[in-house]
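Q: Supplied in structure tokens, the structure appears directly below.
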Amino acid sequence: MQKFLPIVVKYLLIALVFSPTFVHAQLNGSYVIEGKIVDANGAGLPGASVQIKGTSFGTATDTTGHFALTSNAKFPYRLVIRLIGYQPQEFEVKNSNSKLAIQLFTQSLLVNEVVVSASRQQEKLLRSPVAIEKLDIRALKETPSSTFYDALGNLKGVQMTTAGLTFKVFNTRGFNVPNNFRFMQLVDGVDNQAATLGVPLGNAIGPTELDISSVEVTPGASSALYGMNAINGMSNLTTKNPFEYQGISVYQKIAVNHIGDQGGAKPITETAVRYAQSYAPWFAWKINFSYMEGTDWYADSHNDFNPQSKANPDFPELSGPNNIANDAWNKYADQSNIQIIDKDGRAYNVHRTGYWEKDLVGDYKVRNTKVDGSINFRLPHKMEISYAYRYGLMDGFFQRGNRIGLKNVSVENHKIELVHPDFTIRSYVSIENTGDSYNMNPLADNLEKSFKSDKVWTADYTKALNTALTNGSSLVDAHAAARAAADAGRFTPGTAAFDAQVAKIKSVNDWDIYPTSKNPNNTTGGAALLQMSRFYHTEGTWNLRKYVHFMDVLVGADYRTYEIIPDGNNFVDFSLPADKRNQPGGKHIWYGKAGGFVQGAKTFFNDALKLTASLRYDKNEQFEGKLNPRVAAVYSIKDKHNFRISWQNGFRFPSLFEAYSFVNNGQVRRVGGLAFIEQGLGYFKNSYLTSTVDAFGVAVNKTINAEHISKDQAAAKNAGILKVANLDPIVPEEIHSIEGGYKAVLANNKLFVDVDGYYSSYKHFIGQIEAVVPTSGNVNTPDQSVLNQMLDKSLQNRYRVWTNSKSTVNNYGFAVAVTYDIYKSFTVSANANYNKLVTDKTKDDALVPGFNTPEWFTNISFGNRNVLPNLGFNIVWHWQDTFYWQNLFGNGDVPAYSTVDAQITYRVPKIKTAIKVGASNLFNTSYFQYVGGPTIKGLYYLSLTFDDVFKKK
Numbered sequence: 017m018q019k020f021l022p023i024v025v026k027y028l029l030i031a032l033v034f035s036p037t038f039v040h041a042q043l044n045g046s047y048v049i050e051g052k053i054v055d056a057n058g059a060g061l062p063g064a065s066v067q068i069k070g071t072s073f074g075t076a077t078d079t080t081g082h083f084a085l086t087s088n089a090k091f092p093y094r095l096v097i098r099l100i101g102y103q104p105q106e107f108e109v110k111n112s113n114s115k116l117a118i119q120l121f122t123q124s125l126l127v128n129e130v131v132v133s134a135s136r137q138q139e140k141l142l143r144s145p146v147a148i149e150k151l152d153i154r155a156l157k158e159t160p161s162s163t164f165y166d167a168l169g170n171l172k173g174v175q176m177t178t179a180g181l182t183f184k185v186f187n188t189r190g191f192n193v194p195n196n197f198r199f200m201q202l203v204d205g206v207d208n209q210a211a212t213l214g215v216p217l218g219n220a221i222g223p224t225e226l227d228i229s230s231v232e233v234t235p236g237a238s239s240a241l242y243g244m245n246a247i248n249g250m251s252n253l254t255t256k257n258p259f260e261y262q263g264i265s266v267y268q269k270i271a272v273n274h275i276g277d278q279g280g281a282k283p284i285t286e287t288a289v290r291y292a293q294s295y296a297p298w299f300a301w302k303i304n305f306s307y308m309e310g311t312d313w314y315a316d317s318h319n320d321f322n323p324q325s326k327a328n329p330d331f332p333e334l335s336g337p338n339n340i341a342n343d344a345w346n347k348y349a350d351q352s353n354i355q356i357i358d359k360d361g362r363a364y365n366v367h368r369t370g371y372w373e374k375d376l377v378g379d380y381k382v383r384n385t386k387v388d389g390s391i392n393f394r395l396p397h398k399m400e401i402s403y404a405y406r407y408g409l410m411d412g413f414f415q416r417g418n419r420i421g422l423k424n425v426s427v428e429n430h431k432i433e434l435v436h437p438d439f440t441i442r443s444y445v446s447i448e449n450t451g452d453s454y455n456m457n458p459l460a461d462n463l464e465k466s467f468k469s470d471k472v473w474t475a476d477y478t479k480a481l482n483t484a485l486t487n488g489s490s491l492v493d494a495h496a497a498a499r500a501a502a503d504a505g506r507f508t509p510g511t512a513a514f515d516a517q518v519a520k521i522k523s524v525n526d527w528d529i530y531p532t533s534k535n536p537n538n539t540t541g542g543a544a545l546l547q548m549s550r551f552y553h554t555e556g557t558w559n560l561r562k563y564v565h566f567m568d569v570l571v572g573a574d575y576r577t578y579e580i581i582p583d584g585n586n587f588v589d590f591s592l593p594a595d596k597r598n599q600p601g602g603k604h605i606w607y608g609k610a611g612g613f614v615q616g617a618k619t620f621f622n623d624a625l626k627l628t629a630s631l632r633y634d635k636n637e638q639f640e641g642k643l644n645p646r647v648a649a650v651y652s653i654k655d656k657h658n659f660r661i662s663w664q665n666g667f668r669f670p671s672l673f674e675a676y677s678f679v680n681n682g683q684v685r686r687v688g689g690l691a692f693i694e695q696g697l698g699y700f701k702n703s704y705l706t707s708t709v710d711a712f713g714v715a716v717n718k719t720i721n722a723e724h725i726s727k728d729q730a731a732a733k734n735a736g737i738l739k740v741a742n743l744d745p746i747v748p749e750e751i752h753s754i755e756g757g758y759k760a761v762l763a764n765n766k767l768f769v770d771v772d773g774y775y776s777s778y779k780h781f782i783g784q785i786e787a788v789v790p791t792s793g794n795v796n797t798p799d800q801s802v803l804n805q806m807l808d809k810s811l812q813n814r815y816r817v818w819t820n821s822k823s824t825v826n827n828y829g830f831a832v833a834v835t836y837d838i839y840k841s842f843t844v845s846a847n848a849n850y851n852k853l854v855t856d857k858t859k860d861d862a863l864v865p866g867f868n869t870p871e872w873f874t875n876i877s878f879g880n881r882n883v884l885p886n887l888g889f890n891i892v893w894h895w896q897d898t899f900y901w902q903n904l905f906g907n908g909d910v911p912a913y914s915t916v917d918a919q920i921t922y923r924v925p926k927i928k929t930a931i932k933v934g935a936s937n938l939f940n941t942s943y944f945q946y947v948g949g950p951t952i953k954g955l956y957y958l959s960l961t962f963d964d965v966f967k968k969k
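For the sequence shown, our numbering begins at 17 and goes up steadily by one.
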């Protein structure tokens, strides 16, 4: 991988050449120094910081390695040159007539690579106590992926899930889902999640291509330092400081995206601008803007969750295209069983016809607008205070138990931060609004019900079926005729009536339909996803080095609270009776937690051995306090061989959605796991598992068909299939994890090796279980009435409950990465990753913790950033094995696939521009990454980056 390119040289020769060095007289006494930083081959090095020590006078090299620094500093002074991944270098400048010709000799990148995320303070990457990956500014610029954010998917241990052009989710070490509650993403220290959705919205409100400085990813549990959301890992995206990176930059990308056999290729455009300037030694500011527009990939799988062999095993002729209970992956409102008995006493499971996602969405065009900026003030005593604002507006697609169309979703952050070498204080607020988003399942369900209720549709279907059978039609033809009759007059895609009804349902916030809805005017039902929330966060860290000298001690504390405005569908006012909760407004939901940690580190044996221990305490208002300890040891041999081992215990409090949701969605209410929500509803102890209710219905039909007995008799005979759910209120998830690793720079600094392995054990794993509650009676002592209710959905209340696994869930894995300098500046990198789920299943545990991770996935890259003067290239091959996907949207196989990404970059120094031509998925391979997700194909792009540094303070 490209972040390791410089390790291949034992001593990388960097010539800092001021050719010539111009000193321009200014009326105010200032002068301008211009120069260029190049490598041993004469290629310019972008992103190097050039600063006069002890002042705010500084700049950075552009994409061609040039810089221009304006100053009125008095001679002599020291010029500091920094390049991310290199040890800072200092040079004395004695007067304005100095003819500087300076050569910088530095060691391998990895010897001096510095990371922050592993211990919340700077330390060498090689001596990090846990696994950590880093991409610096050069690696991000040279990635062949279509965006810098996509490049994270090529890191060791990182699995990327693509929900669409604007929404990509990262995970490490298993239990992947498109809405990943277990992985934290920070941007300049700010949690980048959308609170009510519960996950980071990819990079939709993150840094632009021009402002990103570096990315660090910590695979595995990080909750000991970062709190409850980082139980599976975290990423930390750092942007450019306006004091150090001044100038104007412009980025323009044009691309084509292949979206399917029928969709062909569609255009994508992306524009970004960055402006940063320092007007005085103590004041600097920056502003960023970007806009992307394109057509997203389609989710249009016709795979069937409910084949004939499962739905109607007695009728093999009703298979394939003739399946009367078809439940296609990307067709909605076709998932509910309706029992129909024909005139001859034969029983069938039948589903309503439903609507395809592509018809519901219509236009897959998406956009993403990002605006951010900061004002920074440098204060005495090496302090810097800043205010930063970040805003993102995006469209896209999101998947939980259903597919969500995101439209005009906005998230904005306000942050105030005070930074000192010994302490940091940060406070921010995040504001979320889901705009014009909608849920596809109630959209399709209400399209069907606003045309015809289930009761009327069932009667029409049964009548037409019996008529066709009486007239001598075959079973296949009879059911086709029955469906045609029952569907006569339904809203048909492509018609004006269909478009008008879709638009109306999308605009209504009440997902029920009258009379279930208490609003008699709501005759269409709704699908609008209207969520508004805020969360407030304050944190601080303090290094006690000035007061504690025998070891390095870091302490920190944080407080966060969420404020949710009830929308009546996802989050409700629980002070209202259950039958009146589905109305917007009311008492806001507050969900807060506080925590703090202390970390100590001590070195022994001439710094060869480093021991680190930390202890964190977190308290949530709904749960008891929890302790998160971590201990780690790193042993280094001559700074080349570095061995590490660590153990930690971590917890994760339930997210907002897991704790407080109250969603009626396609006749199944999704409910949070807190105990008070269940009062009066009965799903904890008076419910059957939905899977057994569905199996019971199939078995009853089979018995009726085989033995020609009554429905009541068949139900009584198969009662043993029903299984009581026996659920409990939700509690925090817990992990115990042990990790070991080895990092080394070998073969005369030409070979870098990085190996890590882990074993994790989860208790109280959080997930969802579907349960069915009868409208009357007790499932623990079922009578005939209870059994009959399990055959009629109108007499049931169905729930999807957030709760905990009763099993211990274990997983383990390892990853190996190698980077090697094969010839001059040619570098090859490879990583291989293995993850395995092991569960201690108990007989009464219905929760299946979807691991959703291939056992093997690999990445191999080959490149040279200067194969010819100003010309570089990079190629990445990715492969992952097939795996089985499990979640409540549906289960199925995700086939193995491989892709090739490639790019060529040509730098034009005279016009300060870099031209990049590349492809993500060069050979246009069709693949999908999760059940229900889009089919991804090739994306081909051309980008131009203009980067001009200012000759001003």
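Every residue, glycine too, gets a C-beta built ideally from N, C-alpha and C.
1. Going by DSSP, what residues sit across from Pro337 in a beta bridge?
2. Does the beta-carbon of Phe620 have 16 or more other beta-carbons within 10 angstroms, so that it is buried, or is it exposed?
3. In angstroms, rounded to a whole number, what distance separates the CA positions of Trp678 and Asn304?
4. Under DSSP, the beta strand (DSSP E) around Gly783 begins and ends at which residues?
5. Taking the Cβ atom as the reference point for each residue, do Val289 and Ala281 lie within a distance shorter than 8 Å?
6. Would you identify the three-state DSSP class for Glu108, choosing helix, strand or coil?
7. Spatial neighbours of Gly602 within its chain, please: CB distance less than 6 Å, with the 5 preceding and 5 following residues excluded, ordered by chain position.
8. Kindly indicate which three-state DSSP category Tyr16 falls into: helix, strand or coil?
9. Residues in the same chain with beta-carbon distance under 7 Å from Asp493, minus the five sequence neighbours each way, listed in chain order, please.
10. Answer yes or no: do Asn449 and Met548 have a C-beta to C-beta separation smaller than 8 Å?
11. Check this for me: beta carbons of Asp963 and Pro160, under 8 Å apart or not?
12. How would you call Leu8, buried or exposed, if buried means at least 16 neighbouring beta carbons within 10 angstroms?
13. From the DSSP output, in three-state form, read off Gln919 for me.
14. Among all the DSSP beta bridges, which residues are the ones paired with Pro235?
15. What are the residues that DSSP puts in a beta bridge with Ser726?
16. I'd like to know whether the C-beta atoms of Ile221 and Gly74 end up nearer to each other than 8 Å.
17. For a minimum of 3 consecutive residues, which ranges assigned as the beta strand (DSSP E) are wholly contained in the region 867 to 937?
18. Can you give me the C-alpha to C-alpha distance between Phe197 and Asn586, rounded to a whole angstrom?
19. Keeping to the same chain, check which residues put their C-beta closer than 7 Å to that of Ala497; ignore five residues upstream and five downstream.
20. To which residues of the same chain is Ile247 closer than 6 Å at the C-beta, ignoring the five residues directly before and after it?
21. When the Cα atoms are used, what is the spatial distance from Phe186 to Asn598?
22. For Ala9, tell me which candidate among Pro235, Tyr607 and Arg383 has the shortest Cα-Cα distance.
23. Tell me the residue span of the alpha helix (DSSP H) that contains Met548.
24. Considering only residues of the region 370 to 432, which uninterrupted beta strand (DSSP E) runs meet the minimum length of 3 residues and lie entirely inside it, listed in chain order?
25. Go through its chain and collect everything with a Cβ distance to Ala617's Cβ below 6 Å, but skip five positions before and after it.
26. Can you tell me which residues form a DSSP beta bridge with Thr177?
27. Over what stretch of residues does the beta strand (DSSP E) that includes Ala292 continue unbroken?
28. Ser453 to Thr554, Cα distance in whole Å?
29. Label Ala327 either buried or exposed according to how many other C-beta atoms from any shown protein chain fall within 10 Å of its C-beta, with 16 as the threshold for buried.
30. Let's test the definition: count the other Cβ atoms within 10 Å of the Cβ of Phe91 and tell me whether it reaches 16, buried, or not, exposed.
31. Let me know if Lys359 comes out buried or exposed under the rule of 16 or more other beta-carbons within 10 Å of its beta-carbon.
32. Identify, in the order they occur along the chain, each residue of the same chain with its Cβ nearer than 7 Å to the Cβ of Thr869, setting aside the five sequence neighbours on each side.
33. Thinking just about the alpha-carbon of each residue, which of Leu884, Thr234 and Met806 is nearest to the one in Gly705?
34. Please specify which runs of the alpha helix (DSSP H), each continuous and at least 4 residues long, are wholly inside the region 617 to 692, giving them in chain order.
35. Under three-state DSSP, which class holds Asn353?
36. Going by the CB atoms, is the gap between Phe259 and Ser294 shorter than 8 Å?
A: According to the structure data:
1. What you label residue 337 is simply residue 321 of the sequence shown in a count that begins at 1. DSSP output for Pro337 lists no bridge partner at all.
2. What you label residue 620 is simply residue 604 of the sequence shown in a count that begins at 1. Looking at its Cβ environment, which holds fewer than 16 other Cβ atoms inside 10 Å, Phe620 is exposed.
3. Numbered from 1 along the sequence shown, position 662 holds the residue referred to as residue 678. Numbered from 1 along the sequence shown, position 288 holds the residue referred to as residue 304. Rather than Trp, the amino acid found at residue 678 in this sequence is Phe. Roughly 38 Å separates the two Cα atoms.
4. Taking the sequence shown and counting its residues from 1, the one referred to as residue 783 is at position 767. Looking at the DSSP string, the run of the beta strand (DSSP E) that includes Gly783 is Ile782 to Pro790.
5. Along the sequence shown, one-based indexing puts residue 289 at 273. Along the sequence shown, one-based indexing puts residue 281 at 265. No. Outside cutoff.
6. The sequence position of residue 108 within the sequence shown is 92, counting from 1. In this structure, Glu108 counts as strand in the three-state DSSP scheme.
7. On the sequence shown, residue 602 is found 586 positions in, with the first residue counted as 1. Pro582 and Asp589, listed in sequence order.
8. What the structure shows of the chain is the stretch from 17 to 969, and residue 16 is not part of that stretch, so it cannot be assessed.
9. Mapped onto the sequence shown, residue 493 falls at position 477. Taken in chain order, the residues that qualify are Ala484.
10. Along the sequence shown, one-based indexing puts residue 449 at 433. Along the sequence shown, one-based indexing puts residue 548 at 532. Going by C-beta atoms, Asn449 is nearer than 8 Å to Met548.
11. On the sequence shown, residue 963 is found 947 positions in, with the first residue counted as 1. On the sequence shown, residue 160 is found 144 positions in, with the first residue counted as 1. It is not a contact, given that the beta carbons lie outside the stated cut-off.
12. Residue coverage of the chain in this structure runs from 17 to 969, which leaves residue 8 outside it and unanswerable.
13. As a first step, residue 919 must be located in the sequence shown, where it is residue number 903. Strand, per DSSP.
14. Taking the sequence shown and counting its residues from 1, the one referred to as residue 235 is at position 219. In the DSSP output, where bridge partners are listed per residue, Pro235 has Gly249.
15. To locate residue 726, count along the sequence shown from 1; it is residue 710. The partner list for Ser726 (beta bridge, DSSP) is empty, contrary to what the question assumes.
16. The residue you call residue 221 lines up with position 205 of the sequence shown. The residue you call residue 74 lines up with position 58 of the sequence shown. Against a cut-off of 8 Å, the Cβ pair of Gly74 and Ile221 comes out as no contact.
17. 872 to 884, 887 to 896, 899 to 901, 908 to 910, 913 to 924 and 929 to 936
18. If you number the sequence shown from 1, residue 197 lands on position 181. If you number the sequence shown from 1, residue 586 lands on position 570. Between Phe197 and Asn586, the C-alpha separation is close to 17 Å.
19. Stepping through the sequence shown from its first residue, residue 497 is reached at position 481. So the qualifying residues of the chain are Ala480, Ala484 and Ser489.
20. On the sequence shown, residue 247 is found 231 positions in, with the first residue counted as 1. Only Arg198, Ala237, Ser239, Gly666, Arg668 and Ile751 meet the Cβ criterion.
21. Residue mapping note: residue 186 aligns to position 170 of the sequence shown, counting from 1. Residue mapping note: residue 598 aligns to position 582 of the sequence shown, counting from 1. Looking at the two C-alpha atoms, the distance is approximately 34 Å.
22. This structure does not reach residue 9, given that the chain is present from 17 up to 969, and the question cannot be answered.
23. To locate residue 548, count along the sequence shown from 1; it is residue 532. Element bounds for Met548: not the alpha helix (DSSP H) but the beta strand (DSSP E), Met548 to Asn559.
24. 381 to 395 and 399 to 415
25. Residue numbering aside, residue 617 sits at position 601 when the sequence shown is read from its first letter. Answer for Ala617: Asp568 and Thr628, listed in chain order.
26. Here residue 177 refers to the residue found at position 161 when the sequence shown is read from its first residue. Looking at the DSSP assignment, Thr177 forms a beta bridge with Val185.
27. On the sequence shown, position 276 is the one that residue 292 refers to. That run of the beta strand (DSSP E) goes Ala281 to Ala296.
28. Taking the sequence shown and counting its residues from 1, one reaches residue 453 at position 437. Taking the sequence shown and counting its residues from 1, one reaches residue 554 at position 538. The straight-line gap from Cα to Cα measures roughly 30 Å.
29. Position 311 of the sequence shown, counted from the first residue, corresponds to residue 327. Buried: at least 16 other Cβ atoms inside 10 Å.
30. Taking the sequence shown and counting its residues from 1, the one referred to as residue 91 is at position 75. Exposed, because fewer than 16 other Cβ atoms sit within 10 Å of the Cβ of Phe91.
31. Residue 359 sits at position 343 when you count from the first residue of the sequence shown. Classification for Lys359: exposed.
32. By one-based count along the sequence shown, residue 869 stands at place 853. So the qualifying residues of the chain are Gln175, Gly190, Asn192, Asn851 and Phe899.
33. The residue given as residue 705 occupies position 689 in the sequence shown. Gly is not the amino acid found at residue 705; the sequence shown has Leu there. Closest option to Leu705, Cα to Cα, is Met806.
34. 672 to 676
35. Residue 353 sits at position 337 when you count from the first residue of the sequence shown. It is coil, neither helix nor strand.
36. If you number the sequence shown from 1, residue 294 lands on position 278. If you number the sequence shown from 1, residue 259 lands on position 243. Yes, they are a contact pair.
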